[in-house]
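K.L.:
A single structure is presented below for examination.
In full-length UniProt numbering, the protein residues as written are 1 to 151.
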């Protein structure tokens with residue numbers, strides 16, 4: 001993970017994971033040396049936060065998430081593609097009635113990307129035979145507003 005200021009107003013945080021999710025010494029010879037179901041070889045995230053100096057307490061941010069393609073079976077015969085999602089947001093910190101208060105507005109999955117977020121071996125019925133996997137749909141575009149009051 002890396003974190004630093006590019007300029008006085010721009011802070012960037014990011015990280016990535018490069019994995020070797022490989023099956024070893026399995027009971028099924030067609031699975032030996034194959035990629036583990038549901039794990040990408042690479043995933044990353046980068047967050048940029050920009051402070052608006054003309055409006056004290058106001059920040060805007062963009063967060064980009066990337067997940068590489070993932071196997072859906074132990075033999076690696078089927079895969080789901082990689083995906084990238086983008087989130088944006090704003091935060092305004094102020095004082096109301098001498099109480100620290102923060103307003104937030106965020107939109108997650110800005111482009112409304114359709115993707116599979118979680119892939120696990122085995123069917124929902126409990127069947128764990130070859131070729132069975134369960135997957136969960138990723139969240140659609142969502143907007144959220146919040147107010148935080150610190151007492």
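Using N, Cα and C, we set each Cβ at its ideal position, and we do this for glycine too.
Which word fits residue 40, buried or exposed, when buried means at least 16 other C-beta atoms lie within 10 angstroms of its C-beta?
P.N.:
Indexing the chain shown from 1 puts residue 40 at position 40. Buried, by the Cβ-count rule.
K.L.:
Are the beta-carbon atoms of residue 65 and residue 85 separated by less than 8 Å?
P.N.:
Taking the chain shown and counting its residues from 1, the one referred to as residue 65 is at position 65. Taking the chain shown and counting its residues from 1, the one referred to as residue 85 is at position 85. In contact: residue 65 and residue 85 (Cβ atoms closer than 8 Å).
K.L.:
Just mark residue 9 as buried or exposed, buried being the case when its beta carbon has 16 or more other beta carbons within 10 Å.
P.N.:
In the chain shown, residue 9 corresponds to position 9, counting from 1. Exposed: under 16 other Cβ atoms inside 10 Å.
K.L.:
On a Cα-Cα basis, can you pick out the residue from 60, 1 and 69 that is closest to residue 118?
P.N.:
Working through the chain shown from its first residue, we reach residue 118 at position 118. Cα-wise, what sits closest to residue 118 is 69.
K.L.:
Please look up how many angstroms separate the CB atoms of residue 55 and residue 99, rounded, as I've assumed it's under 8 Å.
P.N.:
By one-based count along the chain shown, residue 55 stands at place 55. By one-based count along the chain shown, residue 99 stands at place 99. No, residue 55 and residue 99 are not in contact; Cβ-Cβ is about 19 Å, not under 8 Å.
K.L.:
Within a Cβ cutoff of 6 Å, which residues of the same chain sit near residue 60, ignoring the five residues on either side of it in sequence?
P.N.:
On the chain shown, position 60 is the one that residue 60 refers to. Hits under 6 Å: 50 and 90.
K.L.:
Let me check one thing: in DSSP terms, what residues is residue 5 bridge-paired to?
P.N.:
Residue 5 sits at position 5 when you count from the first residue of the chain shown. Note: residue 5 sits in a beta bridge opposite 11.
K.L.:
If you compare alpha carbons, which of 121, 115, 133 and 135 is closest to residue 141?
P.N.:
The count along the chain shown starts at 1 and reaches residue 141 at position 141. Measuring from the Cα of residue 141, the nearest candidate turns out to be 115.
K.L.:
Note down, in chain order, each residue of its chain lying with its Cβ closer than 6 Å to the Cβ of residue 135, except the 5 sequence neighbours on either side.
P.N.:
Position 135 of the chain shown holds residue 135. Closer than 6 Å at Cβ, skipping near neighbours: 116 and 119.
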